Amino acid sequence: MRVLMLGLDEFSNNLKKSSPFFIHHKKFTDYVGEIHNLCISKDKNFEFNYYKDSKIHAIRISKILFPIKSFFVGLKLIKKYNIQVIHTQDPILTGLPGFLLSLFTKKRLIVSFYGFIPDDKWINSKWYLKRSKFIKSFLEFLKAVGLSFLSYTLVRIILLRASKVRVLNQVLGDYAIKLGCDPKKVFIIPMRVSLENLQEKKLNKDKFVILNIGQLIPRKGIDYLIKAMPLILKKIPNAWLYIGGYGFEEEYLKKISGENIKFLGSLTSEQVLQQMADANVFVLPTLSEGMGQVLLESLSVKIPVIATNVGGIPTFINEGNGVLIKPYSIKEIADSIIFIKNNPERAKKLVEKGHNMVKEKYNLERVAKLVGELMKSVGYN
3 MRVLMLGLDE FSNNLKKSSP FFIHHKKFTD YVGEIHNLCI SKDKNFEFNY YKDSKIHAIR
63 ISKILFPIKS FFVGLKLIKK YNIQVIHTQD PILTGLPGFL LSLFTKKRLI VSFYGFIPDD
123 KWINSKWYLK RSKFIKSFLE FLKAVGLSFL SYTLVRIILL RASKVRVLNQ VLGDYAIKLG
183 CDPKKVFIIP MRVSLENLQE KKLNKDKFVI LNIGQLIPRK GIDYLIKAMP LILKKIPNAW
243 LYIGGYGFEE EYLKKISGEN IKFLGSLTSE QVLQQMADAN VFVLPTLSEG MGQVLLESLS
303 VKIPVIATNV GGIPTFINEG NGVLIKPYSI KEIADSIIFI KNNPERAKKL VEKGHNMVKE
363 KYNLERVAKL VGELMKSVGY N
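In this text, residue positions in the sequence shown follow the numbering used here: the first is 3, and each later residue adds one.
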């Protein structure tokens with residue numbers, strides 16, 4: 003089978019700077035066949051034959067402009083390599099060009115649906131605009147709130163065109179169906195998590211490190227974590243909050259930050275693993291989330307996790323492998339972190355159970371096999 007994958011993953015000649023997907027690319031070709039990845043280049047424009055029977059075609063362009071450029075490049079790739087199936091990473095930025103390519107070339111379309119589950123409490127345009135006065139552009143505004151402020155009509159049309167829709171869990175599957183997707187098309191495949199690069203933990207005894215990594219945007223709820231720090235410091239004076247990632251809310255978050263808070267900026271995959279190896283606990287206070295991949299990555303390197311009980315998170319985080327808290331609650335964030343610090347044996351049991359869950363359900367071999375079954379289930383032209 004010859005598949006064209008459209009994704010917003012960034013590729014570099016230096017694999018350490020690339021998305022983890024490319025490091026595991028060979029495993030997917032074992033189950034799928036010939037895969038052509040159309041993605042974003044962190045280097046100059048190139049067509050890079052990284053593995054036998056698979057190609058990575060990277061274009062140097064912004065993510066916002068990717069839908070336009072990828073359509074024209076995709077047409078050439080489909081003709082040149084006789085592509086049989088088109089697979090997109092999401093229903094909009096890659097889904098739109100994938101939809102058009104499928105329409106023009108009559109090829110089968112698979113759409114991955116990793117989106118978050120909107121929540122009316124935070125998706126309030128007046129509240130959002132008041133909170134984000136420093137938004138640089140309307141495009142960033144749309145990007146930040148995603149499907150909430152976009153017309154659902156576009157997503158519905160793309161999902162209707164798709165032969166199959168890949169979702170990460172049943173919660174996302176139900177949401178895709180709510181948007182108009184045929185239930186028979188929904189195919190649940192979790193995200194893969196690599197256990198190959200497990201870092202040796204070297205905790206700093208002088209610090210209790212609280213880690214958060216992700217986009218610095220309102221729905222991630224990072225401001226609640228920052229506001230919890232004064233309560234945490236009363237009980238854990240040596241606590242430090244490390245925040246990794248970037249986003250247009252960075253200026254606001256820095257403005258409200260107090261003592262013992264450090265912003266790490268954008269991190270490579272290797273740097274993320276290192277930060278996790280040095281952390282005592284990972285906290286995801288998100289207000290809306292489809293999956294929460296970073297929680298699985300944290301468990302893979304044996305860090306206790308605390309997360310809000312929203313979206314798809316409760317489908318894999320529970321009282322046996324992590325701590326679930328209510329969204330919007332500064333007090334619950336503080337109390338749960340203090341609990342982890344004061345109960346090391348309980349935290350150790352949570353980590354062990356979570357780590358074993360990741361090894362069993364989210365390993366690369368299992369996920370690659372499921373992706374192969376998905377590809378073959380659509381047939382091809």
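Each residue gets a CB set at the ideal place from its N, CA and C atoms; glycine is no exception. In this text, all values refer to a predicted model and were calculated from it rather than measured experimentally.
Could you name the residues of the same chain whose beta carbon sits closer than 7 Å to that of residue i, not counting the 5 residues immediately before and after it, in chain order?
{"i": "P69", "result": "L95, L98 and P99"}
{"i": "I190", "result": "V169, N171, Q172 and G175"}
{"i": "E334", "result": "I327 and K328"}
{"i": "G9", "result": "N39, C41, Q91 and T96"}
{"i": "T317", "result": "N171, Q172 and V173"}
{"i": "L131", "result": "At L131, the pLDDT of 48 sits below 50, so the modelled position is not reliable and the matter cannot be decided from this model."}
{"i": "F73", "result": "P99, L102 and L103"}
{"i": "V87", "result": "M3, V5, K109, R110, I112, M377, V380 and Y382"}
{"i": "S43", "result": "F13, A60, I61 and R62"}
{"i": "Y83", "result": "R4 and H38"}
Take residue i as the anchor and find which of the options has the nearest alpha-carbon.
{"i": "V167", "options": "P232, I308, K222 and F101", "result": "F101"}
{"i": "A336", "options": "N171, R348, E12 and I308", "result": "I308"}
{"i": "N282", "options": "L218, I88, W242 and M7", "result": "W242"}
{"i": "K29", "options": "L366, G381, L376 and N323", "result": "L366"}
{"i": "L218", "options": "K209, F210 and I228", "result": "I228"}
{"i": "T90", "options": "F106, L67 and D11", "result": "D11"}
{"i": "N262", "options": "N240, K187, G313 and Y248", "result": "N240"}
{"i": "D280", "options": "S268, E291 and S300", "result": "S300"}
{"i": "V360", "options": "V303, K351 and K71", "result": "V303"}
{"i": "I312", "options": "R221, A60 and V75", "result": "First, the amino acid is wrong: residue 312 is Val here, not Ile. Among R221, A60 and V75, the Cα nearest to that of V312 is on R221."}
{"i": "S271", "options": "D92, I215 and I112", "result": "I215"}
{"i": "L233", "options": "I332, K264, L67 and E375", "result": "I332"}
{"i": "G314", "options": "F115, L269 and L372", "result": "F115"}
{"i": "I319", "options": "L275, Y330, K81 and G294", "result": "G294"}
{"i": "E321", "options": "Y33, K355, L111 and E253", "result": "K355"}
{"i": "V285", "options": "G292, N344 and L298", "result": "L298"}
{"i": "P93", "options": "S196, Y177, V211 and E36", "result": "Y177"}
{"i": "T310", "options": "E252, Y364 and Y330", "result": "Y330"}
{"i": "M7", "options": "V75, E252, G260 and Y248", "result": "V75"}
{"i": "L275", "options": "V296, G260, V369 and E291", "result": "V296"}
Which first and last residues belong to the beta strand (DSSP E) in which residue i is found?
{"i": "Y244", "result": "A241 to G246"}
{"i": "V307", "result": "V307 to T310"}
{"i": "L326", "result": "V325 to I327"}
First and last residue of the alpha helix (DSSP H) that includes residue i?
{"i": "A1", "result": "Any question about residue 1 goes unanswered here, given that the chain covers just 3 to 383."}
{"i": "A281", "result": "Here A281 belongs to no alpha helix (DSSP H), and DSSP marks it neither H nor E."}
{"i": "L218", "result": "Run containing L218: none; DSSP gives neither H nor E here."}
{"i": "T107", "result": "G97 to T107"}
{"i": "I319", "result": "Careful: I319 lies outside any alpha helix (DSSP H) and carries neither H nor E."}
{"i": "I238", "result": "Run containing I238: none; DSSP gives neither H nor E here."}
Given residue i, which residues of its chain have a CB within under 8 Å of its CB, disregarding the five upstream and five downstream residues?
{"i": "I159", "result": "F101"}
{"i": "L181", "result": "Y154, V157, R158 and L161"}
{"i": "F106", "result": "L77"}
{"i": "Q277", "result": "L213, I215, Y244, G246, L266 and L269"}
{"i": "S379", "result": "K166 and F189"}
{"i": "L376", "result": "I112, K166, R168, F189 and I191"}
{"i": "I1", "result": "Outside the shown range of the chain (3 to 383) lies residue 1, about which nothing can therefore be said."}
{"i": "N206", "result": "D280"}
{"i": "K256", "result": "F265"}
{"i": "I238", "result": "F210, I339, I340 and K343"}
On the DSSP bridge list, what partners appear for residue i?
{"i": "F189", "result": "R168"}
{"i": "T90", "result": "L8 and V113"}
{"i": "A370", "result": "Paired residues: none, contrary to the question."}
{"i": "F30", "result": "According to DSSP, which records beta bridges pairwise, F30 is partnered with nothing at all."}
{"i": "H38", "result": "L6 and K57"}
{"i": "V211", "result": "W242"}
Going by beta carbon distance, what residues of the same chain come within less than 6 Å of residue i, once the five residues before and after it are set aside?
{"i": "G223", "result": "P287, T288 and L289"}
{"i": "V325", "result": "I308 and S338"}
{"i": "K209", "result": "N240 and W242"}
{"i": "F265", "result": "I245"}
{"i": "D122", "result": "With a pLDDT of 46 at D122, under the threshold of 50, the predicted position of this residue should be treated as unreliable, though the coordinate-derived value follows. Cβ within range, chain order: n/a, list empty."}
{"i": "W129", "result": "At W129 the pLDDT is 44, less than 50, meaning the model places this residue with poor confidence; the figure from the coordinates comes in the next sentence. Excluding positions up to five away in sequence, the list is empty."}
{"i": "G374", "result": "Y33 and V34"}
{"i": "K363", "result": "none"}
{"i": "P306", "result": "V283, I342, A349, L352 and V353"}
Hey, which unbroken runs of the beta strand (DSSP E) at 3 residues or more fall wholly within the stretch 57-83?
-> Along the stretch 57-83, the beta strand (DSSP E) does not occur as any fully enclosed run of 3 or more residues.
Taking the runs of the alpha helix (DSSP H) that are 4 residues or longer, which of them lie wholly in the stretch 250-302?
-> 252-258, 271-279 and 295-302, all fully within the stretch 250-302.
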